[in-house]
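> The letter at position 359 of the sequence shown is residue 379 when you use the numbering used here, and the numbering goes up by one with no holes.
One structure coming up, written as structure tokens, with questions to follow.
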Amino acid sequence: MSVADLSTPLKFAYWVPNVSGGLVVSTIEQRTSWDFDYNRKLARIAEDAGFEYALSQTRYAASYGADKQHEATSFSLALLAATEKLKVIAAVHPGMWHPGVLAKFIITADHISNGRAAVNVVSGWLKDEFVNFGLDWLEHDERYVRTEEFIRVLRGLWTEQGYSQSGKYYDINNFTLSPAPVDVPGRPHPEVFFGGNSTAAQATAGRVADWYFSNGKDLEGFKENIAGVQASAAVAGRRPRYGLNGFVIARDSEKEARDTLREIVEKAHRPAVEGFRDAVQEAGASTKDGKGMWADSSFEDLVQYNDGFRTQLIGTPEQIAERIVEYKKIGVNLFLTCYLHFQEEVAAFGADVLPIVRELEADAAHRAGVDFDPDETLAGTLPSKAGV
Numbered sequence: 021m022s023v024a025d026l027s028t029p030l031k032f033a034y035w036v037p038n039v040s041g042g043l044v045v046s047t048i049e050q051r052t053s054w055d056f057d058y059n060r061k062l063a064r065i066a067e068d069a070g071f072e073y074a075l076s077q078t079r080y081a082a083s084y085g086a087d088k089q090h091e092a093t094s095f096s097l098a099l100l101a102a103t104e105k106l107k108v109i110a111a112v113h114p115g116m117w118h119p120g121v122l123a124k125f126i127i128t129a130d131h132i133s134n135g136r137a138a139v140n141v142v143s144g145w146l147k148d149e150f151v152n153f154g155l156d157w158l159e160h161d162e163r164y165v166r167t168e169e170f171i172r173v174l175r176g177l178w179t180e181q182g183y184s185q186s187g188k189y190y191d192i193n194n195f196t197l198s199p200a201p202v203d204v205p206g207r208p209h210p211e212v213f214f215g216g217n218s219t220a221a222q223a224t225a226g227r228v229a230d231w232y233f234s235n236g237k238d239l240e241g242f243k244e245n246i247a248g249v250q251a252s253a254a255v256a257g258r259r260p261r262y263g264l265n266g267f268v269i270a271r272d273s274e275k276e277a278r279d280t281l282r283e284i285v286e287k288a289h290r291p292a293v294e295g296f297r298d299a300v301q302e303a304g305a306s307t308k309d310g311k312g313m314w315a316d317s318s319f320e321d322l323v324q325y326n327d328g329f330r331t332q333l334i335g336t337p338e339q340i341a342e343r344i345v346e347y348k349k350i351g352v353n354l355f356l357t358c359y360l361h362f363q364e365e366v367a368a369f370g371a372d373v374l375p376i377v378r379e380l381e382a383d384a385a386h387r388a389g390v391d392f393d394p395d396e397t398l399a400g401t402l403p404s405k406a407g408v
């Protein structure tokens, strides 16, 4: 089943560097800071450059080269208050939040930002954070049972009065949150993003997520990665959208871009990368079929901790734009991007890469015989309340 949408412009997001160390675990110079002043300026740069979304990372303890962290939801709220158009996605863990409390927080953030709050639900991550907090660390597939209930509670409390839900992890009894989220035309509720490579994760995403985030993949890898989501969504009568992670190295020549990648990897913080690999690859090994996030990631892949090099957004602006549109043709609706020097490179992406992307998108739509409106939004295409 084809999921390509050639008529709607691609959306672009960036990872919020709200943890120290940037988005690569390397001693290479990174003119990126985790502090709020830097991030407030970055958010405004991204907004002006044509980015529609930003994703705040969730991290509680020093890990994987990040010795300092800002909490994702409060940081996201501050960025929403500092911008006018940017939608900010806060990453959250079921098991650390009660979904009713989170639903209320997001409603408040939604009103403060006039309808721009969103969440990325992270089912797992680092076992030590849960265990050292004294929280239950569930078996892999069971985490997705809890996640599905969690998302259904969010959506129910955002869209219904007197909502009730009885499940294994959450029991909601005739509860109403008032006010409701902001009434945004075409948006049934704040958007729910979700990621995971395992069979259980993909099945859950198809049933309840508005957006499915994929770790970095080549073209064939991306098609393979979303197949399980597509199958699950088809059974549920839903149509989620698809996002893909990619680390962008745009330079005047391909050689310069490749040299930058080589330097990043050569200067990798090896103990941090290997420690992360040991921690996260346990997840895939614990599944029934051996599939999971980072299950087949190499050392080089993990220097960017969501496999961003695999997407190969590396080269001249023209080369990167061409590759981006090739991904669009196989179903990508949004690119979640990261950079070595965020402020400078986000601005350059908006000036140098994005205009070429729009030209190539228009050409691809024309060749396919469909209309392309660069000002169109995705809001009206998101799964409705009835699709849960």
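Cβ coordinates follow ideal geometry from the N, Cα and C atoms, glycine included.
Note that this is a predicted model, so its numbers are computed, not measured.
How do the segment 148-163 and the segment 126-136 stand: do at least 3 beta-carbon pairs fall below 8 Å, yes or no?
Contact between the segment 148-163 and the segment 126-136 is absent, because fewer than three Cβ pairs lie under 8 Å.
> Would you call residue 81 buried or exposed, if buried means 16 or more other Cβ atoms sit within 10 Å of its Cβ?
Locating residue 81 in the sequence shown gives position 61, counting from the first residue. Residue 81 should be labelled exposed.
> If you follow the alpha helix (DSSP H) that residue 170 is in, where does it begin and where does it stop?
Position 150 of the sequence shown, counted from the start, is the residue given in the question as residue 170. Here the alpha helix (DSSP H) through residue 170 covers 160-179.
> Short check: CB of residue 135 to CB of residue 202, under 9 Å?
For the purposes of this step, residue 135 is identified with residue 115 of the sequence shown, where counting begins at 1. For the purposes of this step, residue 202 is identified with residue 182 of the sequence shown, where counting begins at 1. Their beta carbons are under 9 Å apart, which means residue 135 touches residue 202 by this criterion.
> DSSP three-state call for residue 112: helix, strand or coil?
The residue you call residue 112 lines up with position 92 of the sequence shown. It is a strand residue.
> Please determine if the segment 191-202 and the segment 217-224 are in contact, where contact requires at least 3 C-beta pairs separated by less than 8 Å.
Cβ pair count under 8 Å is below three, so no.
> Nearest to residue 84 by alpha carbon, out of 279, 323, 346 and 339?
Here residue 84 is taken as the residue at index 64 of the sequence shown, counted from 1. Residue 84 has its Cα closest to that of 323, out of 279, 323, 346 and 339.
> Indicate whether the contact test is met: 3 or more Cβ pairs, each with one atom in the segment 40-48 and one in the segment 357-374, closer than 8 Å.
At 8 Å Cβ cutoff, the stretches touch.
> When you compare each of 196, 341, 51 and 250 to residue 268 by their alpha carbons, which one comes out closest?
Numbered from its first residue, the sequence shown carries residue 268 at position 248. It is 341.
> For residue 243 and residue 354, I'd like the C-alpha separation in whole angstroms.
One-based indexing of the sequence shown puts residue 243 at position 223. One-based indexing of the sequence shown puts residue 354 at position 334. Near 15 Å, if we compare the C-alpha coordinates of residue 354 and residue 243.
> Quick check on DSSP: helix, strand or coil for residue 58?
The residue labelled residue 58 in the question sits at position 38 within the sequence shown. Three-state DSSP puts residue 58 in a helix.
> State the start and end residues of the unbroken beta strand (DSSP E) segment that holds residue 31.
Taking the first residue of the sequence shown as 1, we reach residue 31 at position 11. 31-36 is the span of the beta strand (DSSP E), which, as asked, contains residue 31.
> Give, in chain order, every unbroken run of the beta strand (DSSP E) that is at least 3 residues long and sits entirely within the segment 226-294.
Fully enclosed beta strand (DSSP E) runs of 3 or longer: 231-234 and 261-270.
> What residue from 288, 72, 295 and 380 has the CA that sits closest to residue 348's CA?
The residue given as residue 348 occupies position 328 in the sequence shown. Nearest C-alpha to residue 348: 380.
> Which whole-angstrom value is the C-beta distance of residue 171 and residue 142, which I expect to be below 8 Å?
To locate residue 171, count along the sequence shown from 1; it is residue 151. To locate residue 142, count along the sequence shown from 1; it is residue 122. Between residue 142 and residue 171 the Cβ distance is about 12 Å, and since that is not below 8 Å, they are no contact.
> What ranges does the beta strand (DSSP E) occupy inside the segment 134-159, keeping only unbroken runs of at least 3 residues that lie completely in it?
Segments of the beta strand (DSSP E) lying fully in the segment 134-159: 137-141.
> Which term fits residue 389, buried or exposed, when burial requires 16 or more other beta carbons within 10 angstroms of its beta carbon?
Residue mapping note: residue 389 aligns to position 369 of the sequence shown, counting from 1. So residue 389 ends up on the exposed side.
> Please report how far the alpha carbon of residue 100 lies from the alpha carbon of residue 372, in whole angstroms.
The residue labelled residue 100 in the question sits at position 80 within the sequence shown. The residue labelled residue 372 in the question sits at position 352 within the sequence shown. One C-alpha to the other measures close to 26 Å.
> Could you give the residue range of the alpha helix (DSSP H) that holds residue 321?
Mapped onto the sequence shown, residue 321 falls at position 301. Residues 319-323.
> Identify every residue that forms a DSSP beta bridge with residue 78.
Taking the first residue of the sequence shown as position 1, residue 78 is located at position 58. BP columns for residue 78 are empty, so no partner.
> Label residue 230 either buried or exposed according to how many other C-beta atoms from any shown protein chain fall within 10 Å of its C-beta, with 16 as the threshold for buried.
Within the sequence shown, numbered from 1, the residue matching residue 230 stands at position 210. The residue is buried, with at least 16 neighbouring Cβ atoms inside 10 Å.
> Are three or more beta carbon pairs between the segment 50-69 and the segment 29-42 nearer than 8 Å?
Short answer: they touch.
> Return the Cβ separation of residue 111 and residue 178 in integer angstroms, given the expectation that the two are a contact with Cβ distance under 8 Å.
For this step, residue 111 is matched to residue 91 along the sequence shown. For this step, residue 178 is matched to residue 158 along the sequence shown. The Cβ separation is near 18 Å, so there is no contact.
> Measuring alpha carbon to alpha carbon, tell me which residue in 63, 226 and 169 is nearest residue 104.
On the sequence shown, position 84 is the one that residue 104 refers to. Looking at the Cα atoms, 63 is the closest of the given residues.
> Got a sec? Which residues, its chain only, sit under 6 Å from residue 320 by beta carbon, not counting five neighbours each side?
Residue numbering aside, residue 320 sits at position 300 when the sequence shown is read from its first letter. Excluding positions up to five away in sequence, the list reads 285.
> To the nearest angstrom, how far is the alpha carbon of residue 369 from that of residue 337?
Taking the sequence shown and counting its residues from 1, one reaches residue 369 at position 349. Taking the sequence shown and counting its residues from 1, one reaches residue 337 at position 317. For residue 369 and residue 337, the distance between alpha carbons rounds to 8 Å.
> Does DSSP put residue 191 in a helix, in a strand, or in coil?
Counting from 1 along the sequence shown, the entry for residue 191 is found at position 171. Strand, per DSSP.
> In whole angstroms, what separates the C-alpha of residue 27 from that of residue 385?
Walking along the sequence shown from the start, residue 27 turns up at place 7. Walking along the sequence shown from the start, residue 385 turns up at place 365. Distance between the alpha carbons of residue 27 and residue 385: 6 Å.
> Between residue 226 and residue 270, is the Cβ-Cβ spacing less than 9 Å?
Residue mapping note: residue 226 aligns to position 206 of the sequence shown, counting from 1. Residue mapping note: residue 270 aligns to position 250 of the sequence shown, counting from 1. Contact: no.
> Taking only the alpha-carbon atoms, compute the straight-line gap between residue 167 and residue 296 and give it to the nearest angstrom.
Sequence index remark: in the sequence shown, residue 167 carries index 147 (1-based). Sequence index remark: in the sequence shown, residue 296 carries index 276 (1-based). The straight-line gap from Cα to Cα measures roughly 23 Å.
> Can you tell which of 31, 48 and 205 has its C-alpha closest to the C-alpha of residue 290?
Stepping through the sequence shown from its first residue, residue 290 is reached at position 270. When only C-alpha atoms are compared, the closest one is 48.
> Measuring alpha carbon to alpha carbon, tell me which residue in 176, 126, 72 and 292 is nearest residue 87.
By one-based count along the sequence shown, residue 87 stands at place 67. Ranking the options by Cα distance to residue 87, first place goes to 292.
> Quick one: residues in its chain with C-beta nearer than 8 Å to the C-beta of residue 239, no 5 flanking neighbours on either side, listed in chain order?
One-based indexing of the sequence shown puts residue 239 at position 219. Correct list, in chain order: 346, 347 and 350.
> Are the beta-carbon atoms belonging to residue 264 and residue 352 less than 9 Å from one another?
Counting from one through the sequence shown, the residue named residue 264 turns up at place 244. Counting from one through the sequence shown, the residue named residue 352 turns up at place 332. Contact: yes.
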